[in-house]
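A quick write-up on the structure given underneath.
2 protein chains.
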Amino acid sequence: MLSAIMEDYLKAIYYLQGETDERVRTSTLAEHMGVEQPSVTSMVKKLAKRDFVHYEPYKGVVLTDTGIPVALEIIRHHRLLERYLTERLEYDWAEVHDEADRLEHHISNQFADRIAEQLGNPAVDPHGDPIPTADLDVSPPQSGETLADQQVGDKVRIERVPDNDPDLLRYLSEHGITPTTVVEIVETTSFGMVTLDPDGTDERVALPEEVARSITAQTLTGASN
Amino acid sequence: MLSAIMEDYLKAIYYLQGETDERVRTSTLAEHMGVEQPSVTSMVKKLAKRDFVHYEPYKGVVLTDTGIPVALEIIRHHRLLERYLTERLEYDWAEVHDEADRLEHHISNQFADRIAEQLGNPAVDPHGDPIPTADLDVSPPQSGETLADQQVGDKVRIERVPDNDPDLLRYLSEHGITPTTVVEIVETTSFGMVTLDPDGTDERVALPEEVARSITAQTLTGASN
DNA sequence: TTATAAACTTAGTCCCGTCTAATTTCGCTC
DNA sequence: GAGCGAAATTAGACGGGACTAAGTTTATAA
Ligand SMILES: [Mn+2]
Ligand SMILES: [Mn+2]
Ligand SMILES: [Mn+2]
Ligand SMILES: [Mn+2]
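Have a look at this one:
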């Protein structure tokens with residue numbers, strides 16, 4: 198009916214168009230999928246012919262109302278699998294992404310619903326990303342803020358971390374940083390380094406600003422308090 | 198590395214060549230895979246070039262020592278998944294086959310080992326088929342006998358049932374026939390009907406001889422006792 | 001307003017796994 | 001050992017998804 202590859206394209210388009218429904222450019226999609234641009238052009242034409250995306254040559258693509266639920270279904274599968282693997286099959290949160298990225302295309306909705314039930318219908322995956330419900334409602338991001346937006350002295354609660362970099366995930370969990378962790382910003386430098394103090398420990402954790410910008414967090418108290 | 202389709206061919210060849218290492222003919226394989234003969238010829242050439250099978254034109258194929266472990270790995274995945282789905286995710290034994298037949302190609306060995314561990318390394322799947330161990334040892338069939346080989350009055354213990362016919366599986370479980378069930382043969386007819394009495398109940402269960410021949414069973418006591 | 005670089009699409013090729021139609025080989029009977 | 005039907009193979013095509021090379025379009029900036 199719809200190949201695993203096509204599903205990955207739809208998922209990527211969903212992710213890249215973000216909240217703002219921006220058109221996703223061929224080059225962006227090519228970069229993200231790890232293929233050359235002509236492969237993308239050829240694929241988006243097929244997706245457009247089957248009405249999963251609006252495609253305007255030279256302008257990019259946007260998901261249609263047909264495409265969105267397909268993307269959300271796959272995302273639901275992915276995040277439920279990640280949660281199930283970590284909670285029930287003793288996977289480390291750094292390992293789950295690749296396994297989930299394959300299996301998401303091959304489990305039935307029944308399978309997804311069963312593991313959701315086993316887990317008590319969790320709202321978020323191990324990286325803090327929201328899990329769409331069975332009828333594909335997805336909660337909006339709690340805040341748009343990232344660790345890079347903070348001032349020295351701010352205390353913030355980590356919301357979500359990127360899920361596709363095992364090394365980073367291992368580093369973060371080794372230093373006690375996971376979603377719901379509270380950290381204080383202890384230093385920011387002009388050359389792009391952010392230093393954190395997790396939870397009231399004395400440990401310092403340093404992150405490049407680009408990484409800090411990929412971690413979202415909710416402000417608890419400002420430096421002014 | 199090896200496509201899901203190729204894995205299914207190898208699994209089919211393993212199944213069809215059976216214990217006896219008979220050559221599997223193109224037509225048999227085509228029938229079993231639900232494809233036309235030229236598709237099989239073309240595929241077995243590819244498998245032969247990659248040394249998974251010995252192929253002799255017009256004579257058929259046999260798995261090589263390279264091909265056998267690949268087939269066994271997939272069979273291990275399949276049967277572990279069936280067991281996991283029935284035991285942990287509330288699937289009915291009639292439903293598990295199709296889900297397992299897809300997922301078997303996409304779970305990692307790590308995933309398989311984890312669910313095996315969760316289940317306590319079971320020896321058989323829900324249909325009574327042996328599950329190869331992590332190092333791919335597979336126990337030989339307990340006996341070669343089937344329900345069609347029995348005499349009236351014999352008591353036998355059901356060993357394994359075919360796993361790919363949901364209607365049959367539903368029928369059997371509704372009438373209390375599963376692996377390890379003990380049944381008595383109460384009637385066999387010249388026109389190919391076998392009637393059973395499960396376990397000491399008064400219920401009669403009738404099966405066509407062809408179906409009876411697909412169910413293996415171990416003789417407990419003969420009519421002469 | 002036009003030149004130029006970057007982005008994008010088109011054209012053509014390849015491998016995969018399937019198909020139909022045509023041909024060859026096998027195995028058996030006479 | 002010739003003939004014949006069944007089984008298998010070869011030939012050629014197609015859709016999926018990728019690639020490289022070549023040609024367009026767009027955006028930008030002189
Ligand atoms: Mn994927
Ligand atoms: Mn995740
Ligand atoms: Mn399969
Ligand atoms: Mn089975």
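Line order of the protein sequences matches chains A and B.
Each residue of the first sequence is one higher than the one before, starting from 198 at the first, in our numbering.
Each residue of the second sequence is one higher than the one before, starting from 198 at the first, in our numbering.
From the three backbone atoms N, C-alpha and C, an ideal C-beta is built for every residue, glycine too.
Query	Result
Backbone CA spacing between residue 344 of chain B and residue 304 of chain A [nearest angstrom]	35 Å
Closest by C-alpha distance to residue 383 of chain B, when choosing among B:291, B:208 and B:348	B:348
Exposed unless 16 or more other CB atoms sit within 10 angstroms - verdict on residue 199 of chain B	exposed
Cβ of residue 305 of chain A within 8 Å of any chain B Cβ	yes
heavy atom of ligand 1 below 7 Å from residue 253 of chain B C-beta	no
Local conformation of residue 313 of chain B per DSSP, three classes	helix
Host beta strand (DSSP E) of residue 355 of chain B (start-end)	352-357
Proximity below 8 Å, CB of residue 394 of chain B to CB of residue 381 of chain B	yes
Exposure of residue 202 of chain A, with buried meaning 16 or more beta-carbon neighbours within 10 Å	exposed
Positions along the segment 276-302 of chain A whose CB lies within less than 9 Å of some CB in chain B	282, 285, 286, 287, 288, 292, 295, 296, 299, 300 and 302
Any non-hydrogen atom of ligand 3 within 7 Å of residue 360 of chain B CB	no
Proximal chain B residues relative to residue 308 of chain A, where beta-carbon distance stays under 9 Å	282, 286, 288, 296 and 300
Those residues which DSSP pairs with residue 257 of chain A across a bridge	A:253
Below-8 Å beta-carbon distance, residue 311 of chain B vs any chain A residue	yes
Where residue 364 of chain A falls: helix, strand or coil (DSSP)	helix
Distance between beta carbons of residue 379 of chain B and residue 396 of chain B, contact taken as under 8 Å	5 Å
Residues that DSSP places opposite residue 395 of chain A in a beta bridge	A:380
Distance between residue 377 of chain A and residue 403 of chain A (C-alpha atoms, nearest Å)	19 Å
Among A:209, A:204, A:215 and A:292, nearest to residue 228 of chain A - alpha-carbon criterion	A:209
Cα-Cα separation between residue 353 of chain B and residue 319 of chain A, rounded to whole angstroms	47 Å
Endpoints, alpha helix (DSSP H) assigned at residue 417 of chain A	It is not in any alpha helix (DSSP H) - residue 417 of chain A instead sits in the beta strand (DSSP E) that spans 413-418.
Residue burial classification, residue 331 of chain A (beta-carbon count within 10 angstroms, cutoff 16)	exposed
Coarse secondary structure for residue 386 of chain B, derived from DSSP in three states	coil
Exposure of residue 231 of chain A, with buried meaning 16 or more beta-carbon neighbours within 10 Å	exposed
Residue 301 of chain B Cβ short of 7 Å to ligand 3 heavy atom set	yes
Status (buried if at least 16 other CB within 10 Å, exposed otherwise) for residue 214 of chain B	buried
Segment contact, 8 Å Cβ cut-off, at least three pairs: the segment 259-274 of chain A with the segment 291-310 of chain A	yes
With 16 other Cβ atoms within 10 Å as the buried cut-off, status of residue 317 of chain A	exposed
Top-ranked residue by Cα proximity to residue 313 of chain A, from A:302, A:300 and A:328	A:328
Closest Cα partner of residue 315 of chain B within the set B:258, B:301 and B:284	B:284
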